[in-house]
Amino acid sequence: MFVYPAVFHRENGAYWVEFPDLPGCQSFGETLNETMAEAQEALSAYLLTLLEQGKPLATASDITSIHPDDGFVSLVAASIDPYRDTRAVKKTLTIPSWLNDRAIAMGVNFSQVLQEALLSKIQA
């Protein structure tokens, strides 16, 4: 789950939204609910594209530091899970024997731990 501040603007009876930390990431909608949904989709697609291209993700600004001339600021949360390629890729790795033995004794799911660690590292 990724969370970024967004600035929502009302214009001509509709809304548009932009993400100050993500240049070019924008969307729009007829209603505020529709605009929020579109913002979540735009955020997911934008972040997934950066990750697939090996580019770093911008750190999200503190919402209290954003003061738009018009509109209002809200946090938008989005997940890239529904959009990314979920094919499993086999990886071979090496760990110390003692660590392997201890993890097996504890019933650790190696694949899950590696995935969680990689996601944590990517989001840091």
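Here the sequence shown stands for residues 16 to 139, where the numbers follow my numbering.
Glycine residues also receive a C-beta, built at the ideal position from the N, C-alpha and C atoms.
**Study point:** L62 vs I95 beta-carbon contact at 8 Å
**Key:** The sequence position of residue 62 within the sequence shown is 47, counting from 1. The sequence position of residue 95 within the sequence shown is 80, counting from 1. Yes.
**Study point:** Three-state class that DSSP yields for E33 in the structure shown
**Key:** Indexing the sequence shown from 1 puts residue 33 at position 18. DSSP places E33 within a strand segment (E or B) once states are collapsed to three.
**Study point:** Assigned secondary structure, M42 (DSSP; H/G/I helix, E/B strand, else coil)
**Key:** The residue you call residue 42 lines up with position 27 of the sequence shown. Here the sequence assigns Ser to residue 42, which means Met is not the residue at that position. Three-state result, S42: strand.
**Study point:** Beta-carbon proximity check, A29 vs E45, cutoff 8 Å
**Key:** Against the sequence shown, residue 29 aligns to sequence position 14. Against the sequence shown, residue 45 aligns to sequence position 30. The answer is yes: Cβ separation under 8 Å.
Point to revise | Exposed unless 16 or more other CB atoms sit within 10 angstroms - verdict on L114 | key: As a working mapping, residue 114 is identified with position 99 in the sequence shown. Flag for L114 reads exposed.
Exercise for review: Name the two residues that bound the continuous alpha helix (DSSP H) containing R117.
Suggested key: Translated into positions along the sequence shown, residue 117 becomes position 102. From DSSP, the alpha helix (DSSP H) with R117 extends over S112 to A120.
Point to revise | C-alpha gap between L37 and N124, whole angstroms | key: Residue numbering aside, residue 37 sits at position 22 when the sequence shown is read from its first letter. Residue numbering aside, residue 124 sits at position 109 when the sequence shown is read from its first letter. For L37 and N124, the distance between alpha carbons rounds to 35 Å.
Review point. So, using beta-carbon positions, are Y19 and A75 closer together than 8 Å?
Key: In the sequence shown, the residue the question calls residue 19 occupies position 4. In the sequence shown, the residue the question calls residue 75 occupies position 60. The criterion of a C-beta distance shorter than 8 Å is satisfied by Y19 and A75.
Check your understanding: Quick one: does S89 have its CB under 8 Å from some CB of chain D?
Key -> Annotation note: the requested chain D is absent from the structure, which comprises a single protein chain.
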